[in-house]
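Below is one structure, written out as C-alpha cells, with a few remarks after it.
Protein chains in written order, with my numbering: chain A, 37 to 403; chain B, 1320 to 1441.
Structure representation (C-alpha cells):
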C-alpha cells in the first residue's frame, strides 16, 4: 500500500495476490480485474463450470424492527410486507424525480428482519438515504462487515456441497442463513445459476480455500464479471442506470408491482406515475454491432440519416455470444428488435441493430 | 541485419532494409488482456511520430498504438481481422500490426534497445 492510498482493500486481498490477480480501481476499491487465465477464459469458465468472485466491495445492511416492512416499502417501490420469508427481490432506491439512486436486492429473513445488498459505489449514499428515511419508523439500519463471495455457474451447487455448504434447497431468488452470521442467496449477476454468500471475515479464507480446492472452481475477476452481466442484459448502476434515468426508461418496470405503481406510497411514486402516463421518451435496449468492432460506453447512436437517437451505456465483447455486445438508450420509436442504427466510433459509423436482451439465455434454477 | 527498438509506450519497431515492422510488446499485450478487435490503418496512410496508428480493443477497453516514427503505411497484418488474439500469443511475431516506410530512420535513435526496455518494465 502506498502513501496516500485512499482505496479500500478487500479482506482477502492477499489470496488474490497469491492467485496472481491484476488489480485496478473500481468504485473506490482496489479490486482484482483479471487473473493469469485472462478475462476470456474466466468468462467461459463461469458459464461452463463455477466462477468464484470476491464481491466484498458490495455493502450489506440489515433492516430490523417492528416497522421494517413499512420502512422498506417507503424507501423502495417494493411490497415488503408481501415478501415471503426467505424470498429475495430486485428493487431500486428512487429520488423524488424517480431517478435511480441505486439498485438493490432485498431479502426477507424474518417477520421484522430484512437484508439489503447495495452497490459498492453507492454504499455511503444508500446508507445516508436509508437512515434518513428510517427517521420516524421503528427500525434500525445496520451496515455489516462481511466477506461477500459469489459462486456462479452450473457447477456452483455441487462445489458448495463439496465445501460443506449444501444450499440445494434454495431456488432462484431465495435465501437462507446457513450458519451464525452467514447469509446466502441463490442469485447473482452473471445470468447463470449460482449463489452469493456473505460470511464473517474470520471464516472467509478457509471457506474460499475449500471452494478453490475443487478443480471446477476458480477465481474470476471484475473484467469477466462485467462481460458476464452485460451478456446477461443486467444493468450496472453508474453506467446503464443512474439518478438521471428512471425505471420506465431503464426497462426495469417489471421490478415494480403494478399495484404499487398505481397506489404509490414510495419515494418517487408521483414522478414515476407521471413518466408512465406520458410514456418514457427513451428506453434501454440491447445493441448488437455488426462485425467484430466493439461499441462502448459513451458512443453516440444515430439513425440512418445521421441524427442522434441515443447513446451506448455499456459495451464490449461477449465471449460466450462470440460477438461484440452493448446496451444503451434509444428514442422509444426505435426500440424494436432489429432496428438498424449507426454508432459513431472514432469518426467511423459502425452499423448496429437493436437486439433483445439477454444476449445469452439466463439459466437460473427456478425450482 | 535487423534491429529492434522499443518505445516508452510499449511499441516495438524492427527495421530491415528501409522497411519497419511495428507491434506492441509482450508486456503491453499482457496489460491489455485478450484482444478482440484491431483497427488497422489504410495502406498508404502517412503517419507522424506519436500519432495514433492502430487501436487495439480488449474485452474491456480500447487502447491507442502510436507510430514510433514518421512514415507511410506499407502493409497491415490482415490476419488480425479474423484472429486478433495473435497479438496476445505472438506479439513480436505473427501478431505484428503494420509495416511502414520510414521518412527518417534517425528518429529511432532516441528509442530504447531490448535490454533498456526490459529494465524499464521490470
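Don't be surprised by glycine CBs; every beta carbon is placed ideally from N, CA and C.
Check	Outcome
What residues from chain A crowd round residue 1381(B), counting only those whose CB sits closer than 9 Å?	330, 332, 381, 382
Among 43(A), 338(A), 66(A), 353(A), which one has its Cα closest to the Cα of residue 366(A)?	338(A)
Who are the neighbours of residue 1369(B) on chain A, taking C-beta pairs under 7 Å?	In chain order: nothing, as chain A lies at least about 17 Å away.
Short of 7 Å Cβ to Cβ, which residues in the segment 76 to 105 of chain A face chain B?	76
Checking the sheet assignment: what are the DSSP bridge partners for residue 399(A)?	228(A)
Would you kindly check if the distance between the Cβ of residue 1356(B) and the Cβ of residue 1445(B) is under 8 Å?	Residue 1445(B) cannot be examined here, being either before or after the span of chain B that is shown, 1320 to 1441.
Could you tell me the alpha carbon to alpha carbon distance between residue 131(A) and residue 115(A), rounded to whole angstroms?	18 Å
Give a yes or no on whether 8 Å exceeds the smallest Cβ distance from residue 139(A) to chain B.	no
Could you tell me the distance, in whole angstroms, from the CA atom of residue 1349(B) to the CA atom of residue 1371(B)?	20 Å
Let me confirm a value: residue 1401(B) is counted as buried when at least 16 other C-beta atoms fall within 10 Å, else exposed. Which label applies?	exposed
Could you please give me the residues that DSSP links to residue 363(A) through a beta bridge?	322(A), 350(A)
Do you know how far the Cα of residue 43(A) is from the Cα of residue 151(A)?	26 Å
Go ahead and label residue 1415(B) buried or exposed: buried means 16 or more other beta carbons lie within 10 angstroms of its beta carbon, across all protein chains shown.	buried
List the residues of chain A that residue 1376(B) touches, going by C-beta distances under 8 Å, in chain order.	329, 330, 353
Judging by CA-CA distance, which residue of 1433(B), 1437(B), 1429(B), 1418(B) is the nearest neighbour of residue 1336(B)?	1418(B)
Beta-carbon within less than 7 Å of residue 83(A)'s beta-carbon, same chain only, minus the 5 sequence neighbours each way: which residues are those?	189, 228, 356
Drop a sphere of 10 angstroms on the beta-carbon of residue 38(A), count the other beta-carbons inside from all chains shown, and report buried for 16 or more, exposed for fewer.	At residue 38(A) the pLDDT is 47, less than 50, meaning the model places this residue with poor confidence; the figure from the coordinates comes in the next sentence. When all chains shown are included, residue 38(A) counts as exposed.
What are the residues in the segment 46 to 80 of chain A lying within 9 Å of chain B by C-beta distance?	58, 69, 70, 74, 75, 76, 77, 79
For a test of the three-state rule: what should DSSP assign to residue 1292(B), helix, strand or coil?	Outside the modelled stretch of chain B, which goes from 1320 to 1441, sits residue 1292(B), for which no answer is possible.
Determine the contact status of residue 319(A) and residue 375(A), defining contact as a CB-CB distance below 8 Å.	no
Which whole-angstrom value is the C-beta distance of residue 119(A) and residue 144(A), which I expect to be below 8 Å?	5 Å
Report yes or no: is there a C-beta of chain B within less than 8 Å of the C-beta of residue 217(A)?	no
What ranges does the alpha helix (DSSP H) occupy inside the segment 1384 to 1429 of chain B, keeping only unbroken runs of at least 4 residues that lie completely in it?	1398 to 1401, 1405 to 1408
Return no unless some Cβ of chain B is closer than 8 Å to the Cβ of residue 109(A).	no
Do you know how far the Cα of residue 1407(B) is from the Cα of residue 1424(B)?	28 Å
Whose C-alpha, out of 290(A), 399(A), 99(A), 277(A), is nearest the C-alpha of residue 180(A)?	99(A)
Which whole runs of the alpha helix (DSSP H) in the segment 43 to 68 of chain A are 4 residues long or more, in chain order?	49 to 54
In or out: residue 1358(B) buried (at least 16 other Cβ within 10 Å) or exposed?	buried
I want to verify the contact list: residues of chain B whose CB lies under 8 Å from the CB of residue 259(A), in sequence order.	1352, 1378, 1379
With three or more beta-carbon pairs closer than 8 Å as the criterion, would you say the segment 68 to 77 of chain A touches the segment 241 to 255 of chain A?	yes
Which class does residue 130(A) belong to by DSSP, given the choice of helix, strand or coil?	strand
From the DSSP secondary-structure annotation, give me the bridge partner or partners of residue 124(A).	143(A)
Does DSSP put residue 1364(B) in a helix, in a strand, or in coil?	coil
Under the three-state reduction of DSSP, which class applies to residue 86(A): helix, strand or coil?	strand
Assign residue 1362(B) to one of two classes, buried (16 or more other C-beta atoms within 10 Å of its C-beta) or exposed (fewer than that).	exposed
Using a Cβ-Cβ cut-off of 8 Å, state whether residue 38(A) counts as contacting chain B.	Below a pLDDT of 50, predicted positions are generally treated as unreliable, and residue 38(A), at 47, falls in that range; no measurement from the model is reported.
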